[in-house]
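Numbering (this note's numbering), first residue to last: 32 to 616. In what follows, a single structure is set out as structure tokens and then discussed.
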DNA sequence: AGAAAGATGAACGGTTTG
DNA sequence: CAAACCGTTCATCTTTCT
């Protein structure tokens, strides 16, 4: 993993690499220009030409390193709404452009030909774009190199590590070589961390690596699977019933699965997000996470509330066992007092997904008014109104004609947390609902993690990203798996306090390190942390679902969304840890 | 008292799936 | 067609600070 470029991928990589490095060094004194000749200084603010509501979108993709013309074409073909398919289209364009033989392949086996030929004539400006790409205003020698690398799309961390390792007087070619080698040599199937939109500097060159990889996979999959017909590539299908590889007391269990080579640990990883994400999201997530097939599970098979989630992990799936005591499995078991008031025409036995907001008092009052005139048996249209509202807001019956939202401690119970886990410490009721609504269902996660107990009798070192209120930590603790060193990264101070408080109250023997921002967690810091206790055994994370969740009416923007794009940081960090751990072995 | 910060409530569709 | 969905934003009320 030193300066050697010999990639495991074979000729394509070498050729591509050299080509790019050559391009770069040749062009390293010009300035970055767009096809229209406009010079671009640093980040994001490219192209102000479009002027419409599209311009922000266009800027977004230009910031990712695509040419303006390509972006315009992709938007035209996909419509400006579907950013995911725009991205896919752009990736396809770039993949085609990056490999000479790509065109033929796509021609021969790509099913959707509607755009073929319409974009092949765009490559000239792509070339001019990438050829002219460069850096302006270097400062000191080290800064200059750092800046150059960052502009090429590498992270600051990657850049500084490379400078540190190769020495200050190494050439840019050597430095890029080092970084690419570090990332490629390890596993054939690993592609570059795609920094996505929060970092608008991702260069076209670097993107080409990534795209080519993406295209290759796509092609492979396409050959295997789809002889059917249509457009969208392998869309991940949700299982029905949603029991993943198996849940307790259910007949059909998957006994065995074969993980892709690149996915096999160490470390173990466990990623979570909402199952009902926009189309294509889980395909992307799975592709990034080493092509591991997601496990979709509804927590209604574990507790009295639904929670449809997808989990991508490389943890063995045999010999799982549930947490004891088993949580109540119906509303009546969970809240016996409701039985007395539950009308016969409300057929619910399970609650719907526990979300971040709860029904208001005014709503429960409207419902009371709507049914109090009828003696226990309202007309059907009133029943429907009440039931719809009850299902939407997860209301339960707490008195005659009286419904109410759950209390925070009741939500804690349903989700498998200790009572009052989120209470106190200056945390408001609203914030409790919010934190709980964003959390894991502990019994579900614990079931998946249970097989680790036998494998780590002395405990584990855990990296917990987007920890929230510590669902993973609580699950492991309840499984009786000792927590040796826990690095917990969570942006919300309130949540960090909750985890810290839980940590102290449960008399943990281990060491809890909490950090605020995943984006600040770089290679240096990771090496430092891992060096002190010898690497992580497990990396857990449920990245923000804000832009994926169905309840979001305003910004359901997919994985490219403001918060949900932090998924790429999960991948980045996971990949870094894998890299570091392979290196030190 | 008045400003500032915090908490609460209500209105706000659309995508995806069976 | 029904049913479900780890949500956002703004107005208003409440509490705290000066």
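Backbone N, C-alpha and C fix where the C-beta goes; we use that ideal spot for every residue, glycine too. If you're wondering where the values come from, they're calculated on a predicted model, not measured in any experiment.
Going by beta-carbon coordinates alone, are residue 510 and residue 336 separated by less than 9 Å? no
Under the three-state DSSP convention, the category residue 430 falls into: strand
Which whole-angstrom value is the C-beta distance of residue 564 and residue 526, which I expect to be below 8 Å? 24 Å between Cβ atoms; not a contact.
Classification of residue 421 by the beta-carbon crowding that lies within 10 angstroms, buried from 16 upward: buried
Tell me, please, which residues DSSP counts as bridged to residue 326. 342
So the alpha helix (DSSP H) residue 657 belongs to, where does it begin and stop? Lying before the first or after the last residue shown, residue 657 is absent from the chain, which here runs from 32 to 616.
Pull up the DSSP beta-bridge partners for residue 569, would you. 299, 493
Report buried or exposed for residue 370, applying the criterion of at least 16 other Cβ atoms within 10 angstroms of its Cβ. exposed
Inter-residue spacing [alpha-carbon to alpha-carbon] between residue 332 and residue 272: 10 Å
Among 580, 426, 614, 436, the one whose alpha carbon lies nearest that of residue 309: 580
Please classify residue 338 as buried or exposed, where buried requires at least 16 other C-beta atoms within 10 Å of its C-beta. buried
With a threshold of 8 Å on Cβ separation, who are the neighbours of residue 608 within its own chain once the five nearest residues in sequence on each side are excluded? 298, 494, 557, 561, 566, 567, 570
For residue 547, count neighbouring C-beta atoms within 10 Å of its own C-beta (all shown protein chains included) and say buried if the count is 16 or more, exposed if not. exposed
Since I believe residue 334 is in contact with residue 358 (beta carbons under 8 Å), could you give me their beta-carbon distance rounded to a whole number of angstroms? 5 Å
Buried or exposed by the 16-neighbour rule on C-beta atoms within 10 Å, applied to residue 600: buried
Distance check for residue 285 and residue 584, CA to CA, integer angstroms please. 36 Å
Assign residue 375 to one of three DSSP states: helix, strand, or coil. coil
If you draw a straight line from the C-alpha of residue 532 to the C-alpha of residue 346, how long is it? 29 Å
By a C-beta neighbour count over all protein chains shown, 10 Å radius and 16 as the cutoff for buried, is residue 537 buried or exposed? exposed
Would residue 572 pass as a contact of residue 302 if the rule is Cβ separation under 9 Å? yes
Which term fits residue 508, buried or exposed, when burial requires 16 or more other beta carbons within 10 angstroms of its beta carbon? buried
Count the other CB atoms, across all protein chains shown, that sit within 10 Å of the CB of residue 503; report buried if there are 16 or more and exposed otherwise. buried
Collapsed DSSP secondary structure at residue 516 in the structure displayed: strand
Pick helix, strand or coil for residue 294, following the three-state DSSP scheme. helix
Selection from 296, 103, 475 that minimises the alpha carbon distance to residue 610: 296
Three-state class that DSSP yields for residue 308 in the structure shown: coil
Cα-Cα, which of 394, 479, 499, 274 is closest to residue 528? 499
In angstroms with no decimal places, state the Cα-to-Cα distance between residue 450 and residue 438. 11 Å
Where does residue 500 fall in DSSP's three states? coil
With H, G and I counted as helix, E and B as strand and the rest as coil, what does DSSP make of residue 335? coil
Residue 287, buried or exposed, once every other Cβ within 10 Å from all chains shown has been counted against 16: exposed
To the nearest angstrom, how far is it from the Cα of residue 344 to the Cα of residue 592? 23 Å
Which term fits residue 406, buried or exposed, when burial requires 16 or more other beta carbons within 10 angstroms of its beta carbon? exposed
Go ahead and label residue 350 buried or exposed: buried means 16 or more other beta carbons lie within 10 angstroms of its beta carbon, across all protein chains shown. exposed
Spatial neighbours of residue 587 within its chain, please: C-beta separation below 8 Å, excluding the five flanking residues on both sides. 309, 578, 579, 580, 581
Could you give the DSSP three-state label for residue 600: helix, strand or coil? helix
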